[in-house]
Structure formats: structure tokens, C-alpha cells
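One structure is given here, and the rest of the page talks about it.
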Amino acid sequence: MKENLEGAVDLILEQEGGYVNHPRDPGGETNFGITKATARAHGYSGSMRSLPKSFARQVYRDAYWDAVSGNELPPGVDLAVFDMAVNAGTSRAAKLLQQVLGVTDDGQIGPVTLAAAQRFGDFAKLVTVYADVRMSYYRSLRTWRTFGRGWAKRAKETNDAALKLVSSQREK
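94 is the number of the first residue of the sequence shown in our numbering; add one for each residue after it.
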């Protein structure tokens with residue numbers, strides 16, 4: 094849902110923190126979780142240390158939230174998929190959701206995926222199964238030993254927040 098975007102971005106900004114340039118991170122130099130390559134692709138040419146938070150918010154909306162149809166996914170599912178998109182790419186996030194839903198995993202969230210998500214019905218279960226698939230993906234990566242603990246913490250925090258969104262929608 095559209096109103097979930099700001100809260101989702103706030104959570105990601107909190108998780109990502111500020112400037113990082115870890116030598117083992119294949120994404121390289123980042124600030125607020127935005128890689129240098131992504132920043133450049135969206136027109137930013139300054140120092141990554143000086144990347145404005147407002148620019149990061151705009152990139153999150155345009156390159157990640159919109160790319161995974163965040164406004165059209167069920168509340169809670171939107172946050173889980175969006176966070177995975179930021180962490181592992183929009184195509185990977187979409188494919189994991191599509192695998193959970195049992196639809197063709199083409200890496201694009203379109204009408205078929207959105208309809209399958211709505212039909213799933215039990216959004217708390219969908220969020221939880223997605224979190225399990227997400228963790229399996231992380232464990233398969235060669236960088237798991239370096240970043241695994243952080244990814245696991247992030248996935249748990251996101252899952253908890255997503256389940257709260259599902260629960261708050263039930264109460265409405």
C-alpha cells in the first residue's frame with residue numbers, strides 16, 4: 094500500500110546506516126544502502142560520503158518500491174519484498190516471491206504475481222514463508238560467512254515489522 098512506503102524506507106535506512114566501504118562487499122561503496130553504481134545510474138555524481146538522505150529515499154521509491162509493485166502488494170508482503178529488493182536486487186526479490194506463490198519466476202511482479210499474492214490470503218503465512226526462502230537464499234551465497242549474521246538480523250527485523258503490518262490490517 095502506498096502509505097507503507099515511508100515506514101518501509103525508514104526501516105531500511107535504519108538497517109543500512111550510513112557510509113560503508115567493506116572490502117568483501119561485492120556492492121562496493123555504499124551510503125544509506127545505496128551503492129555507488131546505483132547512485133550514478135540515478136544521476137548522482139558526488140562523493141558517496143555526501144549522498145543526501147533525500148536522494149536515497151527517492152532511489153528507494155523509484156528503483157525498488159515501484160519496481161516490485163510495492164503499492165499493489167498486500168501490507169506486510171510489500172515490506173518483505175521491498176527489503177529483499179534493496180538487499181539482493183528487484184529481480185531476486187520478485188523471483189523468491191514467485192517461487193513461494195507457485196507462479197512463473199520471471200523476476201517481474203506483474204498481474205499474475207499480484208493476483209497470486211491476493212489469492213494466497215493468509216498474508217502472515219506468506220510473509221513467514223518468504224522470510225524462510227530469503228534465509229535459504231542468503232545461506233547459499235559465498236559471502237554468507239562474512240555478512241550472514243547481519244543479513245539474518247535484518248531479515249528477522251523486517252519479518253517482525255511485516256507481520257505487524259499484516260496484523261494491523263486485520264484490525265481495520
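Just so you know, even glycine gets a beta-carbon here, dropped at the ideal spot from N, CA and C.
By alpha-carbon positions, which one of the options ends up nearest to residue i?
i	options	result
residue 194	186, 183, 184 and 206	206
residue 236	115, 137, 197 and 199	115
residue 181	228, 107 and 164	228
residue 146	174, 110, 166 and 130	110
residue 102	173, 249, 199 and 218	173
residue 217	243, 259 and 250	259
Who are residue i's beta bridge partners in DSSP?
i	result
residue 113	123
residue 128	123
Would you tell me roughly how many angstroms separate the C-alpha atoms of residue i and residue j, rounded to the nearest one?
i	j	result
residue 234	residue 154	26 Å
residue 94	residue 160	Here the model assigns residue 94 a pLDDT of 49, short of 50, so the residue's position is not dependable, and the following value carries that caveat. Straight-line Cα distance between these residues: approximately 14 Å.
residue 157	residue 178	6 Å
residue 162	residue 121	27 Å
residue 225	residue 176	14 Å
residue 113	residue 215	38 Å
residue 245	residue 138	32 Å
residue 144	residue 150	11 Å
residue 133	residue 261	38 Å
residue 254	residue 169	7 Å
residue 106	residue 222	24 Å
residue 118	residue 130	13 Å
residue 99	residue 164	11 Å
residue 128	residue 208	32 Å
Answer with buried or exposed for residue i, where buried requires no fewer than 16 other C-beta atoms within 10 angstroms of its C-beta.
i	result
residue 126	buried
residue 136	exposed
residue 191	buried
residue 197	exposed
residue 142	exposed
residue 203	exposed
residue 238	exposed
residue 124	buried
residue 167	buried
residue 187	buried
residue 210	buried
residue 140	exposed
Can you tell me the Cβ-Cβ gap for residue i and residue j, rounded? I've got them flagged as a contact below 8 Å.
i	j	result
residue 171	residue 252	The pair is not a contact, with the Cβ atoms about 13 Å apart (cut-off 8 Å).
residue 256	residue 220	6 Å
residue 241	residue 231	6 Å
residue 108	residue 247	5 Å
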